[in-house]
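This note's numbering applies: residue 1 is where the sequence shown begins, and numbers increase by one.
Glycine is no exception: its CB is placed at the ideal position from the N, C-alpha and C atoms.
Encoded as C-alpha coordinates, the structure appears first; notes follow it.
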Amino acid sequence: MARKFSDARSGSAISVRIVPRANENEVVEILTDDTIKIRLASSPDSDAINIELVKFMSEILAIPASHVEIVGGLLGRDKLVSVLNLNGTDIQRKLLAKLIK
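Laid out in C-alpha coordinates, this is it:
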(Lines of atoms letter the chains of each structure in order from A; the text may use other names.)
(Lines give C-alpha, C1' and ligand atoms only; values in the text may rest on other atoms or scores of the structure.)
Protein backbone atom coordinates (compact mmCIF):
# COMPACT_ATOMS: atom_id res chain seq x y z
CA MET A 1 0.00 0.00 0.00
CA ALA A 2 1.50 3.32 -1.04
CA ARG A 3 1.91 5.78 1.81
CA LYS A 4 1.58 9.53 1.49
CA PHE A 5 4.98 10.70 2.69
CA SER A 6 5.60 14.14 1.25
CA ASP A 7 8.64 14.66 -0.95
CA ALA A 8 10.12 18.14 -0.88
CA ARG A 9 12.85 19.64 -3.00
CA SER A 10 15.65 18.29 -0.85
CA GLY A 11 13.91 15.83 1.44
CA SER A 12 10.61 14.76 2.94
CA ALA A 13 8.25 15.49 5.80
CA ILE A 14 6.45 12.89 7.91
CA SER A 15 3.88 13.05 10.68
CA VAL A 16 4.84 11.31 13.90
CA ARG A 17 2.83 10.51 17.03
CA ILE A 18 4.95 9.94 20.15
CA VAL A 19 4.14 7.58 23.02
CA PRO A 20 6.54 8.47 25.87
CA ARG A 21 7.82 6.34 28.75
CA ALA A 22 8.15 3.14 26.71
CA ASN A 23 10.45 0.28 27.66
CA GLU A 24 12.43 0.87 24.48
CA ASN A 25 12.42 3.04 21.39
CA GLU A 26 10.43 1.44 18.58
CA VAL A 27 8.28 2.09 15.54
CA VAL A 28 4.84 0.77 16.53
CA GLU A 29 2.55 1.25 13.54
CA ILE A 30 1.52 3.39 10.63
CA LEU A 31 -1.87 4.91 11.41
CA THR A 32 -4.67 5.24 8.87
CA ASP A 33 -3.74 8.89 8.22
CA ASP A 34 -0.12 7.78 7.50
CA THR A 35 1.17 9.13 10.80
CA ILE A 36 4.03 7.06 12.20
CA LYS A 37 3.43 5.97 15.79
CA ILE A 38 6.70 5.74 17.73
CA ARG A 39 7.31 4.72 21.33
CA LEU A 40 10.21 6.46 23.06
CA ALA A 41 11.77 5.69 26.43
CA SER A 42 12.08 9.38 27.34
CA SER A 43 9.75 11.18 29.68
CA PRO A 44 7.19 13.47 28.03
CA ASP A 45 9.32 16.53 28.82
CA SER A 46 9.33 18.31 25.47
CA ASP A 47 13.08 18.90 25.22
CA ALA A 48 14.02 15.33 26.19
CA ILE A 49 11.43 13.69 23.94
CA ASN A 50 12.36 15.90 20.97
CA ILE A 51 16.06 15.12 21.35
CA GLU A 52 15.29 11.41 21.65
CA LEU A 53 13.04 11.49 18.57
CA VAL A 54 15.69 13.16 16.41
CA LYS A 55 18.32 10.68 17.60
CA PHE A 56 16.03 7.66 17.04
CA MET A 57 14.92 8.82 13.58
CA SER A 58 18.51 9.43 12.50
CA GLU A 59 19.47 5.91 13.64
CA ILE A 60 16.53 4.26 11.86
CA LEU A 61 17.06 6.22 8.66
CA ALA A 62 20.87 5.92 8.80
CA ILE A 63 21.41 9.65 8.33
CA PRO A 64 23.08 12.32 10.47
CA ALA A 65 20.93 13.80 13.23
CA SER A 66 21.51 17.19 11.60
CA HIS A 67 19.31 15.98 8.70
CA VAL A 68 16.31 15.41 10.99
CA GLU A 69 14.37 18.40 12.29
CA ILE A 70 11.09 18.71 14.15
CA VAL A 71 9.31 21.52 12.30
CA GLY A 72 5.91 21.27 13.96
CA GLY A 73 4.50 20.12 17.28
CA LEU A 74 7.53 20.83 19.43
CA LEU A 75 5.43 20.87 22.60
CA GLY A 76 2.96 18.09 21.78
CA ARG A 77 2.97 14.39 21.01
CA ASP A 78 1.98 14.90 17.37
CA LYS A 79 4.94 16.21 15.41
CA LEU A 80 5.93 17.06 11.86
CA VAL A 81 9.45 15.88 11.11
CA SER A 82 11.54 17.13 8.20
CA VAL A 83 14.12 14.72 6.79
CA LEU A 84 16.78 16.11 4.46
CA ASN A 85 18.27 14.24 1.50
CA LEU A 86 15.93 11.25 1.74
CA ASN A 87 12.78 10.75 -0.33
CA GLY A 88 9.45 9.45 0.93
CA THR A 89 9.92 6.01 -0.64
CA ASP A 90 13.23 5.44 1.16
CA ILE A 91 11.81 6.68 4.46
CA GLN A 92 8.83 4.35 4.10
CA ARG A 93 11.06 1.36 3.33
CA LYS A 94 13.33 2.02 6.32
CA LEU A 95 10.44 2.61 8.73
CA LEU A 96 8.58 -0.50 7.60
CA ALA A 97 11.74 -2.55 8.17
CA LYS A 98 11.76 -1.37 11.81
CA LEU A 99 8.03 -1.80 12.39
CA ILE A 100 7.38 -4.16 15.32
CA LYS A 101 5.42 -7.22 14.30
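Residues that residue i bridges to, as DSSP identifies them
i: Asp78; result: Arg17
i: Ile36; result: Val16, Ile30
i: Gly88; result: According to DSSP, Gly88 bridges with nothing at all.
i: Glu52; result: Paired residue(s): none; Glu52 is not in a bridge.
Endpoints, the beta strand (DSSP E) within which residue i is located
i: Glu24; result: No beta strand (DSSP E) holds Glu24; DSSP gives it neither H nor E.
CB of residue i within 8 Å of CB of residue j, strictly
i: Glu29; j: Leu96; result: no
i: Val27; j: Ile38; result: yes
Assigned secondary structure, residue i (DSSP; H/G/I helix, E/B strand, else coil)
i: Leu95; result: helix
i: Glu100; result: The sequence given here has Ile at residue 100, not Glu. Residue state, collapsed to three classes: coil.
i: Ile70; result: strand
Inter-residue Cα distance where the pair is residue i and residue j
i: Gly76; j: Ser12; result: 21 Å
i: Ile36; j: Ser46; result: 18 Å
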